[in-house]
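To keep things clear, I will list the structure first and then write my remarks on it.
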Amino acid sequence: MLDRDRILGRIDQLQGYLRELGEILPEDFTTYHKVEKRRACERLLQVSIEAVIDVCHLLVTGLRLGIPAEEDDLFEKLEAAGVLSPPMTEVLKEMRGFRNILVHEYARIDDKIVYKIARTRLGDFNTFKQEILDYLKKSQ
């Protein structure tokens, strides 16, 4: 059984993180490059992606789609169940990989790439949110 309240709560937290990111994300890379701005933006991107992954976990569990072997399985299970579109599944896999770089610093984090993502890819979160809300609405 889907825990709609928890799902909607995590979506609300996601919106809060994105709102905060929008408030602090500078217009230019020079200002972004200041350590406080950089680290705050990185952290808000990280927790935003983690909120997305949490929503996916809640859906997979609530819909009883099985135990995922890894996070990419979450997205694929949700796509197979008609919750996520194929393009969103691919976006979420990219998000997860980016989150892993931010968290584990597998390679030195390229500030220009992080800034570019923060400036150009936040719409992906809104698309995700809309797909989830559409699914919840039609599954009532």
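Heads up: the sequence shown begins at 156 in our numbering, then just goes up one per residue. A virtual CB, placed ideally from N, CA and C, is assigned to each residue, including glycine. Nothing here was measured: the structure is a model prediction, and the numbers come from that model.
Helix or strand or just coil, what does DSSP make of LYS189? Residue mapping note: residue 189 aligns to position 34 of the sequence shown, counting from 1. Three-state DSSP puts LYS189 in coil, outside helix and strand.
VAL215 beta carbon less than 8 Å from that of PRO233: Translated into positions along the sequence shown, residue 233 becomes position 78. Translated into positions along the sequence shown, residue 215 becomes position 60. Position check: residue 233 holds Leu in this sequence, whereas Pro was assumed. The answer is yes: Cβ separation under 8 Å.
Starting from the N-terminal side, write out each stretch of the alpha helix (DSSP H) that is 4 residues or longer and does not extend beyond the stretch 234-281. DSSP runs (the alpha helix (DSSP H)) wholly in the stretch 234-281: 241-259 and 266-275.
Neighbour-count burial assignment, SER294, 16 or more Cβ in a 10 Å radius: Walking along the sequence shown from the start, residue 294 turns up at place 139. Result: exposed.
First through last residue of the alpha helix (DSSP H) which encompasses GLN170: Reading the sequence shown from its first residue, position 15 is the one you call residue 170. Taken as a continuous stretch (DSSP letters only), the alpha helix (DSSP H) holding GLN170 covers 159-179.
Three-way DSSP call (helix, strand, coil) for ARG194 in this model: Residue mapping note: residue 194 aligns to position 39 of the sequence shown, counting from 1. Here ARG194 sits in helix by DSSP.
Give the DSSP-derived three-state secondary structure of LEU229 in the structure shown. Along the sequence shown, read from residue 1 onward, the residue named residue 229 stands at position 74. Helix, per DSSP.
Can you give the Cα-Cα distance for ASP227 and ASP160, rounded to whole angstroms? Taking the first residue of the sequence shown as position 1, residue 227 is located at position 72. Taking the first residue of the sequence shown as position 1, residue 160 is located at position 5. Going from the Cα of ASP227 to the Cα of ASP160 covers about 24 Å.
8 Å Cβ cutoff met for ALA206 and ARG165: Position 51 of the sequence shown, counted from the start, is the residue given in the question as residue 206. Position 10 of the sequence shown, counted from the start, is the residue given in the question as residue 165. Yes; because the gap between Cβ atoms is below 8 Å, this pair is in contact.
Assign PHE280 to one of two classes, buried (16 or more other C-beta atoms within 10 Å of its C-beta) or exposed (fewer than that). Within the sequence shown, numbered from 1, the residue matching residue 280 stands at position 125. Its Cβ being crowded by 16 or more others within 10 Å, PHE280 is buried.
Three-state secondary structure (DSSP) of LEU218: Here residue 218 corresponds to residue number 63 of the sequence shown, with the count starting at 1. Looking at LEU218 - three-state DSSP - the assignment turns out to be coil, as it is neither helix nor strand.
Under 8 Å, with one C-beta from each stretch per pair, do the stretch 179-194 and the stretch 246-254 reach the 3-pair mark? These segments do not touch.
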